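Scroll down for the structure; my scribbles are underneath it.
Numbering (the UniProt record's numbering), first residue to last: 1 to 188.
Structure (structure tokens):
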């Protein structure tokens, strides 16, 4: 407690690798640590059409989302991002609060939950919620790579996964994809 989770370095490493870069660390006891992040320089400038393609193409004003995240800063960002996208968003700091909130707000359509939380993890939370809310769309978020999460048995292959840190555009794309997938399965 009070020493951090150790996820910060994992997030930095993941961001650098996803961006085709790398990280160098140098540390000496009593002196400090230097972290250098090397990222490739972009040789192009985005066009107006490319910038527009990051915008979400569906109306999210009727989408009510529950964000389950134990880190207050991440939860606050996710709630703000969802509101910026036009969603209605409610936050919960853990599994117990999430269950209470879902019971009180039966109109919640999507659950955005962290995978690794103190106490009950995201996978166990979703399994318990599925008993009463099989229709709930679930989007997991995590600070590890997809391979690390799936290979360590924290999640099953094929689940919706949003890597932290994420942008509003990343969240918009995942929401769009999840809702499109739901519409597609409803048509069948």
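Ideal Cβ positions, reconstructed from N, Cα and C, are used throughout, including at glycine. These figures come from a predicted structure and were not determined experimentally.
- Secondary structure of residue 71 (DSSP, three-state): coil.
- For residue 159, the secondary structure class from DSSP, reduced to helix, strand or coil, is coil.
- By alpha-carbon distance to residue 63, the top candidate from 177, 107, 173, 122 is 107.
- A direct Cα-to-Cα measurement between residue 168 and residue 26 gives close to 32 Å.
- Around the CB of residue 180, fewer than 16 other CB atoms lie within 10 Å, so the residue is classed as exposed.
- Between the alpha carbons of residue 28 and residue 143 lies a distance of about 26 Å.
- Residue 69 and residue 91 have their C-alpha atoms roughly 8 Å apart.
- In the DSSP assignment, residue 27 forms a beta bridge with 33.
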